[in-house]
Structures are given as C-alpha cells and as structure tokens.
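Scroll down for the structure; my scribbles are underneath it.
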Amino acid sequence: MTASANTVGILGAGTMGAGIAQVAAMSGWTVELLDVDQLTVRTAIEGIHRRLDRLVEKGRMQAGQRDAAVTRLHTAGSPRCFGGCELVIEAVVEDIDVKTAVLRGVIERLPDNAIIATNTSSLSVTRLGEAIGRPGRTVGMHFFNPAPLMKLVEVVAGDETEPEVVDRTAGIAEGWGKVVARAADVPGFIVNHVARPYYLEALRILEEGLAGPGEIDYAMREIGGFRMGPLELTDLIGQDVNTATSRSVWEALDRPALLKPSGLQEQLVADGHLGRKTGRGVYSYEGESPVPAVEVERSPLQLNETLSRAVSEFSAAATDVSGTELDMLVFSRILVAIIVQAALAHERGVAETADIDTALRYGTNYPKGPFEWARQIGHGVCVRLLDTLNATVSDNRFAVPALLRE
Ligand SMILES: NC(=O)c1ccc[n+]([C@@H]2O[C@H](COP(=O)([O-])OP(=O)(O)OC[C@H]3O[C@@H](n4cnc5c(N)ncnc54)[C@H](O)[C@@H]3O)[C@@H](O)[C@H]2O)c1
C-alpha cells in the first residue's frame, strides 16, 4: 500500500479527535474520521462546519478556504478507508486496551511507513507501541484542548520510536501551525509533569491557612502575570481530574514530596465539590461572581528576617509588579516550586530545557518558561530562597536541584 500525501486517519471523533480533524483539514490535509459511533462522526463534522463558519463570519478565514477544508473532511465508514493514510492519530478513550484494539484494527490497512500517533495524556507510548507490535513507528502526538486554539503539541518518543518517525511527526505538527516540544515517554510528559506544583503548592498554602483562595489567585494573576490563578484553574479543570493527574504522576515518580497530592483537594472530590461543573469547588459559582467556598483557619503571617529578605530578593527579580508581603510570598513559593520541578524533570530526562519552556508557555499559557524565569531571577537568588524555604518544611521538598547550583 502507498500513502497519499497529506492524508491523516483519525480514530475517535470526540472532543480531541474532532479538534485535531479541524486543525488538519484547515492545514490542507485530507482527513478520514472514524469512531465506533457514526453519529459521533456526523456530530463532530457538523461541529467543525459551525466553527469554520464562525471564523468566516469573523473575517478570520475566507469562504473559499472554509469550503475547501470542508471537502477534505471524510467520514471513514471502516478501517479500509485508512489505506492511504501516511499518519494515523488515535484519540479514543484513555484506556490502553481500547487503544490497542482500535489500532490493531487498522494497522494492517496502513502503508508500511505510516506513522502511528497517540494523543494519550497519561499512558505509556512505549507500552502502546509494543502492544500493537509497531514500537518503532508509534509516537505520542499530544494535543491540548481545544486543539484548534492551543498552540502546543508534545511529540513523545517511546523507547523504541525511530528518530525519523519523531522528526516527521514534529514536522507535520509544525506544518499544522503548532509549536512542538519534544518529550520523553514519562508520566505526564512535560506539561502535566512540570505544572503540578502550580496547583499543589497553592493548595498547600491554602491548607496552611496562610492565604485565602482569592489572595492566592490574585497573587499569581496580578503579581505573576499568569492568565488564571491556580485555584480557579483547578475549578475549571475539575477537582477530580486535577487530583487524579497529580496522584498518577506522584505514584509513577515514586511519591516525591513536592508532588504529594492535597488532602484538601481530595476532600473536595469526596464531597462532590468538583468545581465549575458542579457549581462548587474551591469557589462557589451559585451567585453572580465566584466566592471562596473553602474555609480554613488562618494563621498569621510570620516571616523571619532571612525568609523575608529571600522573598523580596526573588520577587523583585521575577516581576515589576509589587504587592503585600503575603502576595510576594505566595507568588515566590509557587513559582520557585515550578522551577524546582522543571529542573528535576530535566534531570530525569523528560526534555531539554528549551522544550520545557516552550511546553509551559504554549501548553499552559505561562507568561515565561521556568528556565527563562530562573535565568532572569538568577540561580543564586533561587537557591537562597529555596535554602530558606527548605529550612521551614519537614519534607525537604524545596531541596535545591543540581541544575540550579550551576
Ligand atoms: N479532553 C482533553 O482535554 C484531552 C486533552 C489531551 C489529550 N486527551 C486525550 O485524548 C483522548 C480522547 O479524549 P477526548 O477528551 O477526546 O475523549 P472523548 O470521550 O470526547 O472522545 C473519545 C471518543 O472515542 C470514541 N471511541 C471509543 N471507543 C472507540 C473505538 N473502539 N473505535 C473508535 N472510536 C472509539 C468514542 O465514541 C468517543 O467519541 C484520550 O486519550 C485523552 O486522554 C484529552
């Protein structure tokens, strides 16, 4: 079988499959879209039509381009339709057995040199490649939701993935207008691995009674320039989804203290307070605007002189915006925790520092990548804050990673 240039087969027409199909069709690729349920494919294609119509209405796309993209979207009635695909991307449910079965069902139909990509967020690319008997040709192509808007694609090399497959996948994603970060096949890849302290350190500060939800989110938005505060973001993601990701990464990495799941968050889940989707999480969404819904006993802010100095030195180097001592402590503690996690991820071989910066800027919309920030602040300043913070905790989570000692 030979591949027709620029034809992609997409398995699964749910949220991600539909989004990826739109991206590919808008970039001039022919798309064969398959799902167990034909109605899902029809709904997905109708949804893409509506989104493209809106782009035309807003003047962001020409009518002729929309019409051409629409004709490139095909409903694949069966795996036979995948015979000309140079790339297949599976975006079915997050279950290794389902993914294996679905890919096995199309594999014999594919051209020999076809790339087999998975959009998994948490499963091992290496294991999936082995399970389908094509470890060399299997690669992670991790899009973010919503795929047409989010710029980042993490291209994940499994242990056996051929370098040519990784390069070609990265080239295709770039051709689709995406920014690529290359990652190793580790739990959470880059973004879900490195971003964990953004939520977890914020939840710890809340649990300690050091600051309320509004104060924590304010510090990260206004002082740090993050688009959303960590706690409001957990409500948007869903407390259940967010804590499940934290727990799975924590377990997979042998339970490092920095990534220990939050008891408060697990209690929210047990109480059914899952965030926006249930009307209550860290905040309550019942009134006109969200109000904090988590009550914690406040402890007074008591910084010793060394910590106070380390926080002001760190925050002055990190941001031009000033705030109260509490704002600066919250911002510094959360940011330095992300920097530590990024350095540890790099040490674990997750990715190059530049790829980690790219992933966090484009996958989570951080204002700067962690290494970019650490360079701006100065490694010595980061180390002074970490040494001081580490002396205040019993779990050694602020221990300085080797990279920052350089
Ligand atoms: N939703 C996100 O934010 C997000 C982000 C990045 C990656 N992912 C990953 O993308 C994948 C899909 O997630 P989603 O959110 O689009 O899920 P979804 O539930 O919206 O869609 C999954 C689709 O797979 C289809 N499906 C199930 N079994 C199938 C089979 N045997 N053959 C063909 N189709 C089958 C379902 O009918 C459904 O349409 C998962 O691996 C998920 O981890 C999701």
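Under my numbering, think of the first position of the sequence shown as 185, with each following residue one higher.
A virtual CB, placed ideally from N, CA and C, is assigned to each residue, including glycine.
Comparing C-alpha distances from C566 to each of A454, A538 and S499 shows the shortest one belongs to S499. Under the criterion of beta carbons closer than 8 Å, I194 and I273 qualify as touching, at roughly 5 Å. The DSSP-derived three-state label of L257 is strand. Taken in chain order, the complete alpha helix (DSSP H) segments of 4 residues or longer contained in the segment 222-281 are 222-241 and 247-255. In the structure shown, the three-state DSSP call for F410 is coil. Closer than 6 Å to some heavy atom of ligand 1: that does not describe the Cβ of E391. With a cut-off of 6 Å, the C-beta of T199 is classified as near ligand 1, since at least one heavy atom of the ligand falls inside that distance. Burial of K362 is indicated by the presence of at least 16 other C-beta atoms within 10 angstroms of its C-beta. Distance check between R366 and each of P263, A575 and T542 places T542 closest, using alpha-carbon atoms only. Residue pairing by DSSP places G324 opposite T302 and V340 in a beta bridge. When T302, I389 and N488 are compared, the shortest CA-CA separation from G447 is found for I389.
For V364, the enclosing beta strand (DSSP E) has its first and last residue at V363 to A368. Distances from the CB of L195 to the heavy atoms of ligand 1 include at least one below 6 Å. Here D419 has G459, R460, G465, V466 and Y467 as same chain residues with Cβ atoms under 7 Å from its own Cβ, once five neighbours each way along the sequence are excluded. For the pair R493 and I518, the Cα-to-Cα distance works out to about 17 Å. The continuous stretches of alpha helix (DSSP H) do not include E470, and DSSP gives it neither H nor E.
By DSSP's assignment, E216 forms a beta bridge with G193 and H258.
Ranked by Cα distance from P371, the first of A205, G533 and V584 is G533.
Exclusion of the five residues before and after L510 leaves L394, A395, E399, A403 and L485 as the residues of its chain whose Cβ lies within less than 8 Å of its Cβ.
At least one heavy atom of ligand 1 is found less than 6 Å from the C-beta of A275. Closest in C-alpha terms to L307, from the list G355, P414, G324 and N297, comes G324.
With a threshold of 6 Å, the Cβ atom of V286 counts as near ligand 1, since some heavy atom of the ligand is closer than that.
Inter-residue distance for E230 and M334 is about 21 Å (C-alpha atoms, whole angstroms). V339 is not a Cβ neighbour of D369, given a cutoff of 7 Å. In this structure the segment 279-286 does not touch the segment 210-217; the number of beta carbon pairs closer than 8 Å is below three. At least 7 Å separates the beta-carbon of A357 from that of V350.
Short note on V282: C-beta closer than 6 Å to some heavy atom of ligand 1.
Scanning A436, N574, R559 and R431 for the CA closest to the CA of L587 turns up R559. For L394, no alpha helix (DSSP H) encloses it, and the DSSP letter there is neither H nor E.
Taking a contact to require three or more Cβ pairs closer than 8 Å, the segment 246-254 and the segment 290-299 do not qualify as touching. Per the C-alpha coordinates, the member of E470, R264 and E392 positioned closest to S483 is E392. Annotation: A189 to R589 spans about 49 Å, alpha carbon to alpha carbon. In the displayed model, P554 falls within a helix according to three-state DSSP. In the DSSP assignment, the residues bridged to P476 are Y467. Straight-line measurement puts the Cα of D424 at about 20 Å from the Cα of G547.
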